[in-house]
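K.L.:
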Amino acid sequence: MTAQFVVSVHDVAPWSFSRTREWVAELECRDVPATLLLVPGAWRGVPLADDPALVRWLHAAARRGHELAQHGFTHRAVPGGPRHRRLLNRLLARGCAEFCALGAHEAADRLARGRAELARAGIHPEGFTPPGWLASPGTMAALRASDLAYTTSHLAVHDLRTGRRHRLPALCHRPGGLGEHAAARLLPWAACRWARRGRSFRIALHPADLARPGLRESALEAIDAALAAGAEPLTYAELVAVRRRTTP
4 MTAQFVVSVH DVAPWSFSRT REWVAELECR DVPATLLLVP GAWRGVPLAD
54 DPALVRWLHA AARRGHELAQ HGFTHRAVPG GPRHRRLLNR LLARGCAEFC
104 ALGAHEAADR LARGRAELAR AGIHPEGFTP PGWLASPGTM AALRASDLAY
154 TTSHLAVHDL RTGRRHRLPA LCHRPGGLGE HAAARLLPWA ACRWARRGRS
204 FRIALHPADL ARPGLRESAL EAIDAALAAG AEPLTYAELV AVRRRTTP
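Residue numbers for the sequence shown follow my numbering, beginning at 4 and rising by one.
(1) Do ALA52 and ALA104 have their C-beta atoms within less than 8 Å of each other?
(2) Given this structure, state the Cα-to-Cα distance separating SER11 from PRO172, to the nearest angstrom.
(3) Mark PRO43 as exposed unless 16 or more other C-beta atoms lie within 10 angstroms of its C-beta, in which case mark it buried.
(4) From the DSSP secondary-structure annotation, give me the bridge partner or partners of SER11.
(5) Using the Cβ count rule (16 or more neighbours within 10 Å means buried), how would you classify PRO55?
(6) Less than 8 Å between the C-beta atoms of ALA148 and ALA111, yes or no?
(7) Taking 8 Å as the cut-off, does the stretch 120 to 138 touch the stretch 221 to 230 (at least 3 CB pairs, one atom from each stretch)?
(8) Starting from THR155, trace the beta strand (DSSP E) both ways and give me its first and last residue.
(9) Taking the Cβ atom as the reference point for each residue, do ALA80 and GLU101 lie within a distance shorter than 8 Å?
(10) Would you mind listing the beta strand (DSSP E) stretches within the stretch 97 to 129 that are 3+ residues and don't spill past its ends, in chain order?
(11) Note the first and the last residue of the continuous alpha helix (DSSP H) segment covering ALA144.
(12) So which of ARG118, THR132, ALA119, TRP46 has the shortest CA-CA distance to HIS74?
(13) Would you check if there are 3 or more beta carbon pairs closer than 8 Å linking the stretch 229 to 243 to the stretch 17 to 36?
(14) Name the residue from GLU25, GLY68, ASP14 whose alpha carbon lies nearest to the alpha carbon of GLY48.
(15) Find the nearest neighbour of ARG247 within the set ILE206, ARG168, ARG196, judged by alpha-carbon distance.
(16) Can you tell me whether PRO17 is helix, strand or coil according to DSSP?
(17) CYS99: which of VAL245, HIS78, GLU129 sits nearest, CA to CA?
(18) Pick helix, strand or coil for HIS184, following the three-state DSSP scheme.
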């Protein structure tokens with residue numbers, strides 16, 4: 004069985020535009036399509052739709068085969084919610100898990116506000132990835148009630164229309180965190196091993212990776228290893244469409 008892998012570029016916003024372009028240039032050199040995870044609201048600057056240069060570039064990227072997906076609304080955690088979920092936000096997402104502890108009504112509101120901001124830029128995403136890959140039960144209920152096609156978690160891609168859960172663990176760096184260097188060594192090894200064994204997976208790229216020594220090289224080595232092992236690169240939307248055709 005041929006492995007499939009998705010490369011996502013996280014935290015796409017006006018402040019990260021130059022780093023997003025750098026990642027996409029590297030992927031295009033390898034004929035690898037990216038799923039660009041767009042933060043619609045004001046985060047470290049103006050809302051995405053208020054940066055005309057970024058909007059033009061995103062539409063051009065979509066025409067070249069990259070996917071534009073929604074990544075939260077403001078990428079900042081919302082106060083409140085159960086204590087254990089607030090703890091998850093601090094430990095796993097460093098305070099960015101915006102949808103980690105929301106009820107269904109508030110989650111639906113933030114989803115809609117984010118989509119309205121993207122629509123201002125002429126962008127209509129099929130998929131949603133919550134910041135930190137953390138979604139509360141209320142968020143999942145809101146997503147299932149929406150017309151989005153899929154969402155993602157740390158370990159899987161969730162088809163919101165069929166209810167199927169496709170196991171694809173995500174490989175990524177944790178810049179500045181404990182185990183940064185060990186994870187950098189592990190990432191290309193895991194990508195190569197899984198690709199050779201026909202196991203599908205994901206590689207997540209973040210703006211901060213480009214500011215840490217060795218992380219850029221490690222991520223690109225992982226992508227090259229996956230390609231050399233014969234794995235097929237897809238966007239999230241392509242993966243979901245393929246799995247609908249081929250999964251009984």
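Even glycine gets a Cβ: it sits at the ideal position worked out from N, Cα and C.
P.N.:
Checking against the coordinates, here is how it stands:
(1) Locating residue 52 in the sequence shown gives position 49, counting from the first residue. Locating residue 104 in the sequence shown gives position 101, counting from the first residue. In this structure, ALA104 does not lie closer than 8 Å to ALA52 by Cβ.
(2) In the sequence shown, the residue the question calls residue 11 occupies position 8. In the sequence shown, the residue the question calls residue 172 occupies position 169. Their Cα atoms are separated by approximately 13 Å.
(3) Here residue 43 corresponds to residue number 40 of the sequence shown, with the count starting at 1. PRO43 comes out buried.
(4) For the purposes of this step, residue 11 is taken as the residue at position 8 of the sequence shown. Looking at the DSSP output, SER11 bridges to THR38, ALA207.
(5) By one-based count along the sequence shown, residue 55 stands at place 52. In the assembly as shown, PRO55 is an exposed residue. Its beta-carbon has fewer than 16 other beta-carbons within 10 Å.
(6) For the purposes of this step, residue 148 is taken as residue 145 along the sequence shown, with counting starting at 1. For the purposes of this step, residue 111 is taken as residue 108 along the sequence shown, with counting starting at 1. Yes.
(7) no
(8) Reading the sequence shown from its first residue, position 152 is the one you call residue 155. From DSSP, the beta strand (DSSP E) with THR155 extends over 153 to 155.
(9) Reading the sequence shown from its first residue, position 77 is the one you call residue 80. Reading the sequence shown from its first residue, position 98 is the one you call residue 101. Cβ atoms of ALA80 and GLU101: closer than 8 Å.
(10) none
(11) Taking the sequence shown and counting its residues from 1, the one referred to as residue 144 is at position 141. That run of the alpha helix (DSSP H) goes 140 to 148.
(12) As a first step, residue 74 is located in the sequence shown; it is residue number 71 there, counting from the start. Measuring from the Cα of HIS74, the nearest candidate turns out to be THR132.
(13) Contact holds: three or more Cβ-Cβ distances are below 8 Å.
(14) Position 45 of the sequence shown holds residue 48. Checking every option, the nearest Cα to that of GLY48 belongs to ASP14.
(15) On the sequence shown, position 244 is the one that residue 247 refers to. The shortest C-alpha separation from ARG247 is found at ARG168.
(16) Looking up residue 17 in the sequence shown gives position 14. If DSSP states are grouped into helix, strand and coil, PRO17 belongs with the helices.
(17) In the sequence shown, counting from the first residue as 1, residue 99 sits at position 96. Measuring from the Cα of CYS99, the nearest candidate turns out to be HIS78.
(18) Mapped onto the sequence shown, residue 184 falls at position 181. The answer is helix: DSSP assigns HIS184 an H, G or I state.
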